[in-house]
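Take a look at the structure set out below.
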Amino acid sequence: MRKVYSHLLVILGLSLGSGCAQNTAYRRSAVVPTPIGEPLASPMKKDWQFSGGISVTDTLTDEVGTDGDPAMHAAQLMFHGIARRAISKYFNIGAQAFWSNRAFSQKTTVGTLDVPDDNVWGAGLNAALQIPIAQSGWTFGTALAGTIVIAPWAVWQLQDDTTTPATYSLNDSGHDGLLLYRLSISMNYDFSEAFAMFGGLSLQNSASNIGFGNAPQDGSTLTFTRHGVVPFIGVNYHFIPERFAQLQYYVPLGYPQFGGLYENAFGGFSLNIGAEI
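Residues in the sequence shown are numbered consecutively from 1051, following our numbering.
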């Protein structure tokens, strides 16, 4: 991840480094979350479950920024918290939250400018259904989670393109509240009371943005309309009956703004530590 340097809120010059960026009239930037795996894939063993952890997702930077390209700070490291309550033997509901910072992000495009607020966070609700398949040790699961994301954004306007690098000034900034959701199906196999393995697919939306543009537009161009699929596989281990650790690997597919399908991003890992009571 790249070290973030202090930003200027009035006038900012961009060093183009090894890549290049078109000097469009406007550059719109934002700090956004990246797709994750499915932390709700394993069945609960008790009435309540509380967990917290991190996800680390690889993203790529487009070395040539042109008109229409996104200009986002993609959160590579995110911190998560989840609470779940069993309503019945097979069904549970809960809530989740996450937080990240621009310091833990990577630019999606060379020439992406800063934002006045570096924090992106969200909170929402989840539900999961897990159905055992006879006495085989297998469990079929489906999960749905919706999170309202508070994402900071900024609009920068070109002031002087005769300099190297070109000079931009801050024109507008704010926060958008957008819905991020995922719908997942999974299979879980219990090798023992302590150890289980799971895998599945998750349909998720993600952030999109008109980062480089010449047409004036009021406010943000940030949307969560890009959709993709995230295959995931992981293990769940109860190191004591009421404590567990969950580790999973996932690969976001169909998210070209983050270097997804047919790109070179290797995916991501998540680790959650939790307790059941």
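No residue lacks a Cβ here, since even glycine has one placed at the ideal position from N, Cα and C.
Since we're looking at a predicted model, the values are computed, not measured.
Among the options, nearest to residue i - alpha-carbon criterion
| i | options | result |
| --- | --- | --- |
| residue 1125 | 1259, 1317, 1170 and 1187 | 1170 |
| residue 1228 | 1201, 1238, 1243 and 1213 | 1201 |
| residue 1233 | 1132, 1285 and 1253 | 1253 |
| residue 1168 | 1081, 1291, 1285 and 1318 | 1081 |
| residue 1127 | 1106, 1180, 1183 and 1273 | 1106 |
| residue 1092 | 1162, 1182, 1104 and 1115 | 1182 |
| residue 1101 | 1223, 1304, 1297 and 1230 | 1297 |
| residue 1287 | 1275, 1279 and 1239 | 1239 |
| residue 1295 | 1084, 1099, 1079 and 1083 | 1099 |
| residue 1292 | 1324, 1303 and 1278 | 1324 |
| residue 1154 | 1276, 1195, 1104 and 1289 | 1104 |
| residue 1303 | 1222, 1137 and 1085 | 1085 |
| residue 1330 | 1321, 1185 and 1131 | Residue 1330 lies beyond the stretch modelled for the chain, which goes from 1051 to 1327, so this question has no answer here. |
Range of the contiguous beta strand (DSSP E) that encloses residue i
| i | result |
| --- | --- |
| residue 1176 | 1169–1182 |
| residue 1341 | The structure shown does not extend to residue 1341, since the chain is modelled only from 1051 to 1327, so the question has no answer here. |
| residue 1101 | 1098–1107 |
| residue 1268 | Neither: residue 1268 is in no beta strand (DSSP E) and is coded neither H nor E. |
| residue 1226 | 1217–1240 |
| residue 1078 | 1076–1082 |
| residue 1143 | 1141–1151 |
| residue 1247 | 1245–1258 |
Contact set for residue i: own chain, Cβ-Cβ below 6 Å, skip 5 residues either direction
| i | result |
| --- | --- |
| residue 1178 | 1090, 1142 and 1193 |
| residue 1173 | 1147 |
| residue 1301 | 1281 and 1317 |
| residue 1197 | 1172, 1174 and 1230 |
| residue 1145 | 1133 and 1175 |
| residue 1277 | 1255 |
| residue 1071 | 1115, 1160 and 1161 |
Neighbour-count burial assignment, residue i, 16 or more Cβ in a 10 Å radius
| i | result |
| --- | --- |
| residue 1061 | Note that residue 1061 has pLDDT 36, beneath the 50 cutoff, so the model's placement of it is unreliable and no number is given. |
| residue 1309 | buried |
| residue 1263 | buried |
| residue 1150 | buried |
| residue 1187 | exposed |
| residue 1267 | exposed |
| residue 1175 | exposed |
| residue 1213 | exposed |
| residue 1199 | buried |
| residue 1307 | buried |
| residue 1242 | exposed |
| residue 1244 | exposed |
| residue 1068 | Interpretation of residue 1068 is limited by its pLDDT of 36, a score under 50 that renders its predicted location unreliable; no figure is taken from the coordinates. |
| residue 1114 | exposed |
| residue 1289 | exposed |
| residue 1083 | buried |
| residue 1135 | exposed |
| residue 1257 | buried |
Integer Cβ distance of residue i from residue j, believed to fall under 8 Å
| i | j | result |
| --- | --- | --- |
| residue 1074 | residue 1117 | 6 Å |
| residue 1220 | residue 1235 | So it is not a contact: roughly 44 Å between Cβ atoms. |
Min CB distance residue i to chain B below 8 Å
| i | result |
| --- | --- |
| residue 1267 | The structure shown contains no chain B; it is built from a single protein chain. |
Own chain residues within Cβ distance below 7 Å of residue i, not counting five before or after
| i | result |
| --- | --- |
| residue 1095 | 1326 |
| residue 1077 | 1121, 1161, 1163, 1206, 1218, 1261 and 1262 |
| residue 1226 | 1201, 1203, 1270 and 1272 |
| residue 1259 | 1078, 1080, 1120, 1121, 1122, 1271 and 1272 |
| residue 1315 | 1108, 1109, 1110, 1308 and 1309 |
Own chain, CB closer than 8 Å to residue i, minus 5 neighbours either side, in chain order
| i | result |
| --- | --- |
| residue 1299 | 1087, 1282, 1283, 1284, 1317, 1318 and 1319 |
| residue 1157 | 1052, 1111, 1121, 1122, 1123 and 1124 |
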